[in-house]
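Add 179 to a position in the sequence shown, counting from 1, and you land on the number used in the numbering used here.
Every residue gets a Cβ at the ideal spot worked out from N, C-alpha and C, and that includes glycine.
In this text, all values refer to a predicted model and were calculated from it rather than measured experimentally.
Written out below as structure tokens is the structure these notes cover.
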Amino acid sequence: MGFIYRKKNTVEKPRIIGVTGTGRAVGTTHLCVLAANYLCGACGRRTAVLEWNGHGDFARFGSVCTGLSEAEHCFRIQEVDFYPESAGDVLAESLHRGYEEILIDFGSLAEQDSQELLRCHRVLLTVSFSEWQMEAPGKTRSWEECAEKNGWLCLAAFGSEESRIRWNKRRRPAVGRIPLSADAFTVTQQVMEFMKTIL
Numbered sequence: 180m181g182f183i184y185r186k187k188n189t190v191e192k193p194r195i196i197g198v199t200g201t202g203r204a205v206g207t208t209h210l211c212v213l214a215a216n217y218l219c220g221a222c223g224r225r226t227a228v229l230e231w232n233g234h235g236d237f238a239r240f241g242s243v244c245t246g247l248s249e250a251e252h253c254f255r256i257q258e259v260d261f262y263p264e265s266a267g268d269v270l271a272e273s274l275h276r277g278y279e280e281i282l283i284d285f286g287s288l289a290e291q292d293s294q295e296l297l298r299c300h301r302v303l304l305t306v307s308f309s310e311w312q313m314e315a316p317g318k319t320r321s322w323e324e325c326a327e328k329n330g331w332l333c334l335a336a337f338g339s340e341e342s343r344i345r346w347n348k349r350r351r352p353a354v355g356r357i358p359l360s361a362d363a364f365t366v367t368q369q370v371m372e373f374m375k376t377i378l
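What follows is the structure in structure tokens.
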């Protein structure tokens with residue numbers, strides 16, 4: 180009796196990475212774009228980024244980078260596909276377009292349904308230790324509890340390093356430091372080393 184060999188399905192499902200922040204202007208979009216450029220440029224992964232908030236940042240930088248006066252449904256910068264002001268239907272379509280990595284910029288955590296974040300394979304939460312935003316990390320336990328319970332990785336791009344260290348000694352979850360990167364479209368060696376540890 181012969182054996183029947185079945186061809187294994189080698190189609191890889193895309194990994195979905197959610198990026199959100201404890202408030203506005205804490206580096207969420209910057210981190211999202213930086214991570215996408217690392218995954219595509221350094222790792223050779225076919226990558227899409229969805230703007231899942233009403234901030235309109237993607238349309239603005241898309242217009243500047245592509246020279247188009249109006250926002251497109253999708254535009255490409257350095258081989259990464261960006262979808263401005265997208266939602267669940269765009270995610271559903273993207274799952275079948277051959278992407279290996281899909282990053283979602285959720286904007287502020289307070290503006291989102293946490294159930295959507297729970298569907299992500301990994302969530303990066305940006306926190307700020309800038310003096311004018313210091314109330315955000317300690318204002319409510321909700322983000323801390325969400326991060327601890329669901330294993331979200333907390334990171335800070337802005338603010339005092341002393342404050343971040345003090346936070347990590349006294350509070351949970353621990354918050355890592357995002358290396359300085361003036362341009363989210365330029366992946367330096369330092370950024371590459373950092374991204375290896377979080378992605």
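Sequence ranges, alpha helix (DSSP H) only - wholly within the stretch 205-278, length at least 4
Whole alpha helix (DSSP H) segments, 4+ residues: 207-216, 236-245 and 267-273.
> Where does Leu334 sit, in a helix, a strand or coil, going by DSSP?
Replying inline: The three-state reading of DSSP puts Leu334 in strand, counting E and B together.
Open item on the list: Check for me: the beta strand (DSSP E) holding Val198 runs from which residue to which?
Closed with: Residues Arg194 to Gly200.
Check: According to the Cβ coordinates, are Met371 and Tyr262 closer than 8 Å?
Finding: No, they are not a contact pair.
Quick check on this structure: which residue in Ile283, Thr208 and Val269 has the alpha carbon closest to the alpha carbon of Gly197? Nearest C-alpha to Gly197: Ile283.
| said: With DSSP as the reference, identify every bridge partner of Phe308, one or two as the case may be. | reply: Under DSSP, Phe308 shares a beta bridge with Gly338.
Item checked: Residues sharing a beta bridge with Asn280, DSSP -> For clarity, residue 280 is Glu in the given sequence; the question names Asn instead. Answer is Arg194 and Thr226.
**OP:** Please state if the CB of Thr207 and the CB of Gly286 are separated by a distance shorter than 8 Å.
**Re:** Yes. Within cutoff.
Taking Ser273 as the reference, give the member of Cys244, Leu288 and His252 with the closest Cα. Each of Cys244, Leu288 and His252 was checked against the Cα of Ser273, and the nearest Cα belongs to His252.
- Message: In the DSSP assignment, the beta strand (DSSP E) including Val354 goes from what residue to what residue?
- Response: Unbroken beta strand (DSSP E) run through Val354: Val354 to Arg356.
task: Could you work out which residue in Arg351, Gln369, Arg356 and Phe308 is closest to Arg203 when comparing CA atoms only?
output: Checking every option, the nearest Cα to that of Arg203 belongs to Phe308.
| Based on Cα-Cα distance, which residue from Val212, Arg301 and Val302 lies nearest to Asp260? | It is Val212 whose Cα lies nearest to the Cα of Asp260.
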